[in-house]
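Numbering (my numbering), first residue to last: 5 to 169.
Structure (structure tokens):
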């Protein structure tokens, strides 16, 4: 690896540590020429292997940030911690990568996210589902609300009230 300071390709690793639960290795390096130090991070490039098939049939590379962005929008002003959203994305990714396929349909990713949101926050679930399931009228939304009330377990957040008493 080239030194970012003097551009010489002669360094040594001083320290290596696992971070992000063992998914990333942080290496502390020192240039043998100028003696300056810097940090590098190594991780498995899983995202390149997976393509997402969209509804129109087009294929795009998998992007973790798209799922996280959708979750942030769905949970806007809701009592859901940011680390819970990251945990949902981690669970979805783990399921996707364990399947071993090189392609996954966007609808399958949406189903995985919806199932997780249903357990955490009903309002966030309905926000996400209204976009994902393309709910176009109030009757479809009310049907979905009724289904949530009948089938979904109570949310994990104890201070969240009931939806439509």
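Quick reminder that beta carbons are idealized off the backbone N, C-alpha and C, glycines included.
Query: Considering only residues of the region 88–138, which uninterrupted alpha helix (DSSP H) runs meet the minimum length of 4 residues and lie entirely inside it, listed in chain order?; Result: 110–124 and 126–136
Query: When DSSP builds the beta bridges, which residues end up paired with residue 19?; Result: 32
Query: So, for residue 129: in the same chain, excluding its five sequence neighbours on each side, which residues have a beta-carbon less than 6 Å away from its beta-carbon?; Result: 121 and 122
Query: Take residue 97 as the anchor and find which of 58, 53 and 133 has the nearest alpha-carbon.; Result: 53
Query: Counting C-beta neighbours from all protein chains within 10 Å, is the total for residue 78 16 or more, i.e. buried, or is it exposed?; Result: buried
Query: Under three-state DSSP, which class holds residue 57?; Result: strand
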